[in-house]
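Trainee: Residue numbers (our numbering): 1 to 446. Just dropping this structure here.
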């Protein structure tokens, strides 16, 4: 199928980091299958479910951290929008710097960083991208499953012109596989559907017996509750409709339908920790949440029909595991108020800054500083730095000093001196000069 080819083809899955993660997760899958085989359960579907539970359990700390940030982001959103509206349309460097400063102080106020939600999401994304190749190509990572195909591959490689035959059988998907290597041929055979197997046997009659034995063994490994997880549900559905089999139709649609339903439940549960109002149509966060609620389940249903049922089973298992985890996370976050989360964030931020040498007093001042105070401080500094205002203040002071004794201005001047700790019995300058002149006249008369 085209969608499967898109996911299976190189691209992002060939990046060094993704390949390393895939190799590590492949070792986990191989270990799970070997343990299950040792107790007599050789089933790829069961191994995928256990594998999914283990991987998402390891991701649990990142999930909690992400949910905490989402809750804080929802609380901060009104203030973020207020700052954005304040500087809307202002593109000058000064305004942009002020907006950035106010945003930084807002994040300081709540004890979080702008990148707090990015790192957990990025790490989860890397792990999930590394996980898909493992689920898509089980034989490449699970030794015992690969060994099932080995006798057939040896016979195929002994047939003249086998590469061109395999390319013609694979059709438009031939470019996805490397028929020059044993692993490449096994990867192609693992994705073969019933019609593809029949075409291979028709063009290579010499391998028919081994091919049918391989098909039987792989069928047993892929059989999960009567569903062939190696087949595409859409193909199973068309075959069931043609055969007028009600049971076949139910088995064909059950995994895609469950994939969509469990995805919907998982998304709804993850949104329960948010305090964003669903009535605020101007809130981009709310609009994004509403879009995810319905688009993600629909995508899961479409992919569930067009990709092998094994991937659909993985999506169902992962959504169920996430839903169970989310119930626990919601209960944990519900027991913590926003103030508790802010205090936890501040303490963590304080420890990080203290390691860098920042004083505890400065940390506390930064943490409790509100954006409104920042604006007021900037305004006050601006006012003090205004020369015109300073000149007016100086002139007012001179006017008060030269005011007529007993006048309202003179009394206000005395009150001002009293408040500043100066002696209030002193008179205005003019009165002092008059007294001095009178004193001189008395001395002359004597």
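Cβ coordinates follow ideal geometry from the N, Cα and C atoms, glycine included. This one's a predicted model, so the numbers in the text were calculated from it and none came from an experiment.
(1) In the DSSP assignment, find the alpha helix (DSSP H) that holds residue 79 and state where it starts and stops.
(2) Roughly how many whole angstroms lie between the Cα atoms of residue 331 and residue 67?
(3) Given this structure, state the Cα-to-Cα distance separating residue 230 from residue 102, to the nearest angstrom.
(4) Does the region 167-176 touch the region 189-201, meaning 3 or more C-beta pairs lie closer than 8 Å?
(5) Helix, strand or coil: how does DSSP classify residue 51 here?
(6) Kindly indicate if chain D contains any beta-carbon less than 8 Å away from that of residue 143.
(7) Below 6 Å CB to CB, which residues in the same chain sit around residue 253 once its five sequence neighbours on both sides are set aside?
(8) On the criterion of 16 or more Cβ atoms from any shown chain inside 10 Å, does residue 242 qualify as buried, or is it exposed?
(9) For the pair the region 178-188 and the region 209-226, tell me if three or more CB-CB distances fall below 8 Å.
(10) When you compare each of 271, 136 and 308 to residue 194 by their alpha carbons, which one comes out closest?
(11) Span of the alpha helix (DSSP H) holding residue 313?
(12) Are the beta-carbon atoms belonging to residue 261 and residue 227 less than 8 Å from one another?
(13) Beta-carbon within less than 6 Å of residue 25's beta-carbon, same chain only, minus the 5 sequence neighbours each way: which residues are those?
(14) Identify which residue in 69, 99 and 89 has its Cα closest to the Cα of residue 80.
(15) Give the list of continuous beta strand (DSSP E) stretches no shorter than 3 residues that lie fully inside the region 91-176.
(16) Between the Cα of residue 293 and those of 314, 271 and 143, spot the shortest distance and give me the residue it belongs to.
(17) Quick check: the Cα distance between residue 217 and residue 174, rounded to an integer number of angstroms?
(18) How many Å lie between residue 299 and residue 311 at the Cα?
(19) Would you kindly work out how many angstroms separate the C-alpha atoms of residue 291 and residue 188, rounded to a whole number?
(20) Going by C-alpha distance, which of 347, 256, 342 and 320 is nearest residue 56?
(21) Is it true that the CB of residue 144 sits closer than 8 Å to the CB of residue 37?
(22) Going straight from the alpha carbon of residue 157 to that of residue 325, what length do you get?
(23) Please work out which residues of its chain come closer than 6 Å, Cβ to Cβ, to residue 51, disregarding the five sequence neighbours upstream and downstream, and give them in chain order.
(24) If you compare alpha carbons, which of 206, 104 and 122 is closest to residue 151?
(25) Just grab the DSSP bridge partners of residue 223 for me.
(26) Closest to residue 341 by CA distance: which of 16, 43 and 65 is it?
(27) Please report the residue range of the alpha helix (DSSP H) in which residue 237 lies.
(28) Taking the alpha carbon of residue 20 as the reference point, which residue from 346, 328, 127 and 219 has its own alpha carbon closest?
(29) Could you pull out every residue in the same chain whose Cβ sits closer than 7 Å to the Cβ of residue 177, ignoring the five residues on either side in sequence?
(30) Would you say residue 124 and residue 58 are within 8 Å of each other, going by their C-beta atoms?
(31) Restricting to runs no shorter than 4 residues, where is the alpha helix (DSSP H) found entirely within the region 190-223?
(32) What did DSSP end up calling residue 43 once you bin it into helix, strand or coil?
(33) Please go through the same chain and pick out, in chain order, the residues whose beta-carbon is closer than 7 Å to the beta-carbon of residue 76, but skip the five residues on each side of it.
(34) Within 10 angstroms of its Cβ, does residue 147 collect 16 or more other Cβ (buried), or is it exposed?
Mentor: In terms of the structure at hand:
(1) Mapped onto the chain shown, residue 79 falls at position 79. According to the DSSP assignment, residue 79 belongs to the alpha helix (DSSP H) that extends over 60-86.
(2) For this step, residue 331 is matched to residue 331 along the chain shown. For this step, residue 67 is matched to residue 67 along the chain shown. In a straight line, the C-alpha of residue 331 is about 12 Å away from that of residue 67.
(3) Mapped onto the chain shown, residue 230 falls at position 230. Mapped onto the chain shown, residue 102 falls at position 102. In this structure, the straight-line span from the alpha carbon of residue 230 to that of residue 102 is close to 55 Å.
(4) yes
(5) Within the chain shown, numbered from 1, the residue matching residue 51 stands at position 51. DSSP, read as helix, strand or coil, puts residue 51 in helix.
(6) Any reference to chain D falls outside this structure, which holds one protein chain only.
(7) As a working mapping, residue 253 is identified with position 253 in the chain shown. Excluding residues within five positions, none has a Cβ falling inside 6 Å.
(8) Working through the chain shown from its first residue, we reach residue 242 at position 242. So residue 242 ends up on the exposed side.
(9) Short answer: they don't touch.
(10) The residue you call residue 194 lines up with position 194 of the chain shown. Comparing Cα positions, the closest option is 308.
(11) By 1-based counting over the chain shown, the position of residue 313 is 313. From DSSP, the alpha helix (DSSP H) with residue 313 extends over 309-334.
(12) Walking along the chain shown from the start, residue 261 turns up at place 261. Walking along the chain shown from the start, residue 227 turns up at place 227. Taking 8 Å as the Cβ cut-off, residue 261 and residue 227 do not qualify as a contacting pair.
(13) By 1-based counting over the chain shown, the position of residue 25 is 25. Same-chain partners within the cutoff: 130, 131 and 134.
(14) Counting from one through the chain shown, the residue named residue 80 turns up at place 80. Of the listed residues, the one whose Cα sits closest to residue 80 is 99.
(15) For the region 91-176, not a single whole beta strand (DSSP E) run of length 3 or above is found.
(16) Here residue 293 refers to the residue found at position 293 when the chain shown is read from its first residue. Out of 314, 271 and 143, 271 has the C-alpha closest to the C-alpha of residue 293.
(17) Within the chain shown, numbered from 1, the residue matching residue 217 stands at position 217. Within the chain shown, numbered from 1, the residue matching residue 174 stands at position 174. C-alpha separation (whole angstroms): 24 Å.
(18) The sequence position of residue 299 within the chain shown is 299, counting from 1. The sequence position of residue 311 within the chain shown is 311, counting from 1. Rounded to whole angstroms, residue 299 to residue 311 spans 13 Å at the Cα level.
(19) Along the chain shown, one-based indexing puts residue 291 at 291. Along the chain shown, one-based indexing puts residue 188 at 188. About 36 Å.
(20) For this step, residue 56 is matched to residue 56 along the chain shown. Comparing Cα positions, the closest option is 320.
(21) Against the chain shown, residue 37 aligns to sequence position 37. Against the chain shown, residue 144 aligns to sequence position 144. Yes; because the gap between Cβ atoms is below 8 Å, this pair is in contact.
(22) As a first step, residue 157 is located in the chain shown; it is residue number 157 there, counting from the start. As a first step, residue 325 is located in the chain shown; it is residue number 325 there, counting from the start. Going by the C-alpha atoms only, they are around 48 Å apart.
(23) Against the chain shown, residue 51 aligns to sequence position 51. Excluding positions up to five away in sequence, the list reads 29 and 32.
(24) For the purposes of this step, residue 151 is taken as the residue at position 151 of the chain shown. Measuring from the Cα of residue 151, the nearest candidate turns out to be 206.
(25) By 1-based counting over the chain shown, the position of residue 223 is 223. Looking at the DSSP assignment, residue 223 forms a beta bridge with 228.
(26) Along the chain shown, one-based indexing puts residue 341 at 341. Cα-wise, what sits closest to residue 341 is 65.
(27) Numbered from its first residue, the chain shown carries residue 237 at position 237. Note, residue 237: alpha helix (DSSP H), 233-242.
(28) Locating residue 20 in the chain shown gives position 20, where the first residue counts as 1. Of the listed residues, the one whose Cα sits closest to residue 20 is 127.
(29) One-based indexing of the chain shown puts residue 177 at position 177. For residue 177, where only same-chain residues beyond five positions count, the Cβ hits under 7 Å are 170, 184, 187 and 188.
(30) As a working note, residue 124 is residue 124 in the chain shown. As a working note, residue 58 is residue 58 in the chain shown. No, they are not a contact pair.
(31) 194-203 and 208-222
(32) Locating residue 43 in the chain shown gives position 43, counting from the first residue. Three-state DSSP puts residue 43 in coil, outside helix and strand.
(33) The count along the chain shown starts at 1 and reaches residue 76 at position 76. Taken in chain order, the residues that qualify are 106 and 110.
(34) Walking along the chain shown from the start, residue 147 turns up at place 147. By the 10 Å Cβ count, residue 147 comes out exposed.
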